[in-house]
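The opening position of the sequence shown corresponds to residue 51 in the working numbering, with each subsequent residue numbered one higher. C-beta atoms are modelled at their ideal positions from N, C-alpha and C, and glycine is treated no differently. Worksheet: the structure to be examined is printed underneath.
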Amino acid sequence: MNEVCGTTSEELAAGGVGGGVGLTALLVAAARAIETRRGDSLARDVYAEHFVRAAPACDGWPVRIEEVPDGDENALWGRFARYFGLRTRVLDDFVVRSVLTGARQVVLLGAGLDTRAFRLDWPSDCVFFEVDRAGVLAFKHQVLAGLSAAPKVKRVPIPVDLRDDWVTALTASGFDPAAPSIWLAEGLLFYLPGPAETYLVDTVDLLATEGSALAFEAKLEADLMAYRDSAIYTATREQIGIDLLGLFDPGPRPDSAGRLAARGWSASTHTPFEFTRRHGRGPLPEPNDALEGNRWVFAYRRRT
Ligand SMILES: C[S@@+](CC[C@H](N)C(=O)[O-])C[C@H]1O[C@@H](n2cnc3c(N)ncnc32)[C@H](O)[C@@H]1O
Numbered sequence: 051m052n053e054v055c056g057t058t059s060e061e062l063a064a065g066g067v068g069g070g071v072g073l074t075a076l077l078v079a080a081a082r083a084i085e086t087r088r089g090d091s092l093a094r095d096v097y098a099e100h101f102v103r104a105a106p107a108c109d110g111w112p113v114r115i116e117e118v119p120d121g122d123e124n125a126l127w128g129r130f131a132r133y134f135g136l137r138t139r140v141l142d143d144f145v146v147r148s149v150l151t152g153a154r155q156v157v158l159l160g161a162g163l164d165t166r167a168f169r170l171d172w173p174s175d176c177v178f179f180e181v182d183r184a185g186v187l188a189f190k191h192q193v194l195a196g197l198s199a200a201p202k203v204k205r206v207p208i209p210v211d212l213r214d215d216w217v218t219a220l221t222a223s224g225f226d227p228a229a230p231s232i233w234l235a236e237g238l239l240f241y242l243p244g245p246a247e248t249y250l251v252d253t254v255d256l257l258a259t260e261g262s263a264l265a266f267e268a269k270l271e272a273d274l275m276a277y278r279d280s281a282i283y284t285a286t287r288e289q290i291g292i293d294l295l296g297l298f299d300p301g302p303r304p305d306s307a308g309r310l311a312a313r314g315w316s317a318s319t320h321t322p323f324e325f326t327r328r329h330g331r332g333p334l335p336e337p338n339d340a341l342e343g344n345r346w347v348f349a350y351r352r353r354t
């Protein structure tokens with residue numbers, strides 16, 4: 051048991067990632083653990099399985115596909131986990147590419163158990179700002195500290211709720227709006243109420259100078275409940291007790307890509323399946339598909 055300041059990782063897990071939307075960070079970590087151990091992995095995250103093992107809520111969860119009796123046929127640990135593996139790889143590539151163009155500030159919105167600051171190589175003057183709720187970041191810190199893991203760049207955790215005034219917290223932590231920045235909202239926006247998403251996008255637009263980039267995941271379905279019986283949602287509910295549709299905000303979604311485009315950003319919207327074809331592995335469309343409306347948006351504020 052890892053213990054810092056008298057609080058165990060089990061206690062932190064219960065407060066931050068033990069339930070509700072925080073638990074979804076562990077779902078993604080388990081998926082990354084499985085992806086990491088695949089012979090044809092698209093992304094490697096050696097820390098992911100440690101988060102899963104440290105959290106009592108993950109008792110019995112697999113960290114490699116061989117531990118899943120029906121293997122890749124399993125809608126949750128096969129197809130859905132592969133989806134997260136693909137998403138991780140595509141967004142890894144996005145951040146690496148964006149850093150190469152000169153931006154040095156990376157803001158992970160809803161960072162969860164993202165370990166990009168630890169597992170990828172970055173220029174030494176990069177800084178990662180990780181925004182999530184306090185309990186999630188405390189659990190992450192506890193597990194990584196227990197592994198003596200050291201980030202490869204400066205890393206600034208920002209414990210704040212994205213429905214509150216996160217801008218003050220970010221700028222008070224050293225974020226410089228005058229310098230280009232890279233923003234990620236991976237697996238986040240559909241948990242937020244529509245107005246909080248619009249505030250987030252407008253704020254990124256305000257804080258991101260020329261040379262900045264933003265990638266986010268959106269869900270376009272007009273009626274999410276139409277997919278309630280899809281294999282992915284059913285398996286996630288029945289096997290690990292996470293009702294994603296109960297966690298997603300039920301209100302209408304804003305058109306964030308269109309909003310950015312109207313403000314001069316160049317935004318392109320892609321299905322995950324495009325990247326499955328590009329990489330030769332990942333999920334493909336299927337009937338009654340919970341992934342049908344998922345889109346990955348890449349937006350750039352070009353230098354003039
Ligand atoms: C599905 S996880 C994704 C985590 C990470 N981006 C990744 O892909 O591994 C969603 C994350 O969003 C965070 N989140 C959801 N709503 C939030 C809010 N209102 N404020 C801050 N974080 C939030 C959760 O705590 C969780 O860590």
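Per DSSP, K204 is paired with what? Locating residue 204 in the sequence shown gives position 154, where the first residue counts as 1. BP columns for K204 point to V177.
Exposure label - S318; buried when at least 16 CB within 10 Å: Start at 1 with the first residue of the sequence shown, and residue 318 comes out as number 268. Taking all protein chains in view, the Cβ of S318 is surrounded by fewer than 16 other Cβ atoms within 10 Å, so the residue is classified as exposed.
What's the C-alpha gap between T354 and V203? In the sequence shown, the residue the question calls residue 354 occupies position 304. In the sequence shown, the residue the question calls residue 203 occupies position 153. In a straight line, the C-alpha of T354 is about 29 Å away from that of V203.
Measuring from the CB of A93, is there a heavy atom of ligand 1 at a distance below 7 Å? The residue you call residue 93 lines up with position 43 of the sequence shown. Checking every heavy atom of ligand 1 against the Cβ of A93, none is found closer than 7 Å.
To which residues does DSSP link F348 through a beta bridge? Counting from one through the sequence shown, the residue named residue 348 turns up at place 298. According to DSSP, F348 bridges with A265 and S318.
Are the beta-carbon atoms belonging to F178 and L220 less than 8 Å from one another? The residue labelled residue 178 in the question sits at position 128 within the sequence shown. The residue labelled residue 220 in the question sits at position 170 within the sequence shown. Contact annotation: F178 and L220 have beta-carbon atoms that are not nearer than 8 Å.
Can you tell which of I282, A235, D305 and E288 has its C-alpha closest to the C-alpha of A125? Position 75 of the sequence shown holds residue 125. Answer by Cα proximity: I282.
If contact is defined by three or more beta carbon pairs under 8 Å, each pair taking one atom from either stretch, is the region 321–336 in contact with the region 249–262? With a cut-off of 8 Å, the region 321–336 and the region 249–262 do not count as touching, because too few Cβ pairs lie within range.
Taking just the CA atoms, how far does G121 sit from G89? Translated into the one-based positions of the sequence shown, residue 89 becomes position 39. Translated into the one-based positions of the sequence shown, residue 121 becomes position 71. The alpha-carbon atoms of G89 and G121 are separated by roughly 14 Å.
Residue range of the beta strand (DSSP E) that I232 falls in? Position 182 of the sequence shown holds residue 232. S231 to A235 is the extent of the beta strand (DSSP E) around I232.
For the alpha helix (DSSP H) that L256 lies in, which residues bound it at each end? As a working mapping, residue 256 is identified with position 206 in the sequence shown. G244 to L257 is the span of the alpha helix (DSSP H), which, as asked, contains L256.
Any residue with its Cβ nearer than 5 Å to a heavy atom of ligand 1 should be included. What is that list in chain order? V71, G72, T74, A75, V78, G160, G162, D164, D182, R183, V186, D211, L212, R213, E236, G237, L238 and Y241
Taking only three categories from DSSP, how would you classify N52? Taking the sequence shown and counting its residues from 1, the one referred to as residue 52 is at position 2. At N52 the pLDDT is 43, less than 50, meaning the model places this residue with poor confidence; the figure from the coordinates comes in the next sentence. Three-state DSSP puts N52 in coil, outside helix and strand.
Tell me whether the beta-carbon of H329 lies closer than 8 Å to the beta-carbon of L136. Here residue 329 is taken as the residue at index 279 of the sequence shown, counted from 1. Here residue 136 is taken as the residue at index 86 of the sequence shown, counted from 1. Closer than 8 Å, so yes.
Given a cut-off of 8 Å on the beta-carbon distance, is the pair R94 and R169 in contact? Start at 1 with the first residue of the sequence shown, and residue 94 comes out as number 44. Start at 1 with the first residue of the sequence shown, and residue 169 comes out as number 119. Contact flag set, yes.
Can you name, in chain order, every residue of its own chain whose Cβ lies under 7 Å from the Cβ of V54, other than the five neighbours on each side? As a working mapping, residue 54 is identified with position 4 in the sequence shown. Note that V54 scores a pLDDT of 35, beneath 50, so its modelled location is shaky; the value from the coordinates is reported in the next line. Taken in chain order, the residues that qualify are Q192 and A195.
On the criterion of 16 or more Cβ atoms from any shown chain inside 10 Å, does S316 qualify as buried, or is it exposed? By 1-based counting over the sequence shown, the position of residue 316 is 266. Looking at its Cβ environment, which holds fewer than 16 other Cβ atoms inside 10 Å, S316 is exposed.
Give the straight-line distance between the Cα atoms of V140 and T321, rounded to the nearest whole angstrom. The residue labelled residue 140 in the question sits at position 90 within the sequence shown. The residue labelled residue 321 in the question sits at position 271 within the sequence shown. Spanning the two alpha carbons is a distance of roughly 12 Å.
So is V157 buried or exposed if we call it buried at 16+ other beta carbons inside 10 Å? Here the question's residue 157 lines up with position 107 in the sequence shown. With 16 or more other Cβ atoms within 10 Å, it is buried.
Under the assumption that L163 contacts A235 (Cβ atoms under 8 Å), give the Cβ distance between them as a whole number of angstroms. Looking up residue 163 in the sequence shown gives position 113. Looking up residue 235 in the sequence shown gives position 185. That pair is no contact at about 15 Å.
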